[in-house]
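Everything below concerns the one structure shown next.
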Amino acid sequence: MIDELVENVINRQRRHIARSISLIEGGDDQAPELLQKLHKHTGKAWRIGITGPPGAGKSTLIAELTKKLREAGHRVAIVAVDPTSPFTSGAVLGDRIRMPDIEQDDDVFIRSMATRGSSGGLSARTADAVDVFDAAGFDYILIESVGVGQVELQIERVADSTLVVLVPESGDQVQAIKAGLMEIADLYILNKSDRPGSNSMLQSLYAAVSFKGKHNEDWDVDILQTVASEGQGISELILAIEKHRHFLERSGKLQSRRKSQLEERIRNKVYDSIQASLWTPQRLAYLEQALESAQRGDESPDSCASSIVQDYQNKK
Ligand SMILES: Nc1nc2c(ncn2[C@@H]2O[C@H](COP(=O)(O)OP(=O)(O)O)[C@@H](O)[C@H]2O)c(=O)[nH]1
Ligand SMILES: [Mg+2]
């Protein structure tokens with residue numbers, strides 16, 4: 006059954022692509038076999054991560070990028086990972102953004118993913134889902150993730166090019182860049198450049214980025230201005246993405262980046278699988294008891310932990 010599914014995914018069958026992603030998202034027992042068989046068909050797509058605060062215009066940008074990439078004949082998959090807004094796949098880009106031409110287009114696939122429940126959060130299942138689209142021959146995979154807390158930092162684990170979208174009101178974010186909290190960006194996009202304060206924001210952004218120096222593997226982090234709602238700046242953005250792609254490919258840094266992403270995925274899968282076998286109901290009950298005696302001062306956290314580890318090692 007998995008062989009047939011794999012065959013159909015490679016032959017770009019929408020129904021089977023959707024089914025594969027559901028298996029992955031649901032943590033189905035057959036997902037590892039599926040991923041195993043798809044893996045050798047991956048590595049051709051360009052993966053673009055788009056992150057930034059809610060309302061910055063990420064979905065609008067993605068819609069515009071998609072239109073332009075389609076005009077150039079590319080096949081585009083969109084994965085939206087947004088824990089704050091439970092999309093259904095039809096309305097994935099939000100109610101405000103209806104794109105009948107894209108929704109009817111067989112060479113565009115839009116999928117939303119929930120992050121809840123999996124410890125690897127965005128990285129684990131999203132990376133697996135992205136592999137399905139890659140194997141299914143999509144040229145570009147656009148991954149939207151809302152920039153809240155850790156999720157923002159995880160996008161670079163699946164993306165080849167990471168785009169951070171800011172708006173003229175994003176002063177706090179500029180502080181974060183200065184403090185080195187946002188070193189994930191390959192490109193900054195100052196969207197809503199039609200709004201007041203856009204020029205001074207652009208200056209602060211340039212200052213913050215040059216203040217940090219060339220941190221990003223010799224790549225000169227670019228800043229682009231867009232008005233996504235008017236489709237302005239999109240062609241320039243695509244050129245900047247292509248420039249980044251060529252930089253990574255020519256310098257050999259694409260290989261090293263993808264290698265460290267793979268390493269991270271493997272490590273996360275190992276942690277997940279150990280965690281799952283470690284916290285049996287018995288050990289959770291033991292933890293409850295141990296907590297009480299630790300609180301009374303009878304046991305130290307170390308001795309509680311080593312009892313649990315010992316028990317785990319004995320039962321293997
Ligand atoms: N003025 C202005 N509004 C924009 C621009 N881009 C997006 N918007 C609007 O900003 C709102 C949020 O956009 P959305 O793409 O849903 O943001 P997301 O939460 O980052 O995905 C929508 O009402 C868009 O129409 C822009 O460049 N200028
Ligand atoms: Mg959005």
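Just so we're aligned: the sequence shown equals residues 6 to 321 in my numbering.
All C-beta atoms, glycine included, are put in the ideal place defined by N, C-alpha and C.
All of these numbers come straight from a predicted model, not from anything done at the bench.
- Taking the C-beta atoms as reference points, Gln-230 is found no nearer than 8 Å to Ser-256.
- In this chain, Ala-82 is not harboured by any alpha helix (DSSP H); it is covered by the beta strand (DSSP E) spanning 81-86.
- Put simply, the backbone Cα of Ile-53 is about 5 Å away from that of Leu-147.
- Its chain contains Thr-71, Arg-75, Arg-80, Val-81, Ala-82, Ile-83, Ile-107 as the residues whose beta carbon lies nearer than 8 Å to that of Val-113, once the 5 sequence neighbours on both sides are disregarded; these appear in chain order.
- The DSSP-derived three-state label of Met-206 is helix.
- Residues of the same chain with a CB within less than 8 Å of the CB of Leu-210, apart from the 5 flanking positions on each side, are Leu-171, Val-179, Ile-182, Tyr-193, Leu-195, Ile-228 in chain order.
- Arg-17 and Thr-47 have their C-alpha atoms roughly 13 Å apart.
- Cβ neighbours of Glu-304 within its own chain (closer than 8 Å, five residues either side excluded): Ala-295, Ser-298.
- Beta-bridge partners of Gln-180 (DSSP): none assigned.
- Each residue's CA atom was taken as its position, placing Lys-42 and Arg-130 some 16 Å apart.
- Straight through space, the alpha carbons of Leu-28 and Gln-35 are spaced by roughly 7 Å.
- Distance from the CA of Asn-273 to the CA of Gln-208, rounded to the nearest whole angstrom, comes to 39 Å.
- Note that the C-beta distance between Ser-175 and Thr-56 is not below 8 Å.
- Remark: the C-beta of Glu-149 is in contact range of ligand 2, defined as less than 7 Å to any heavy atom.
- With 5 Å as the limit between CB and the heavy atoms of ligand 2, the residues that fall short of it are Lys-63, Ser-64.
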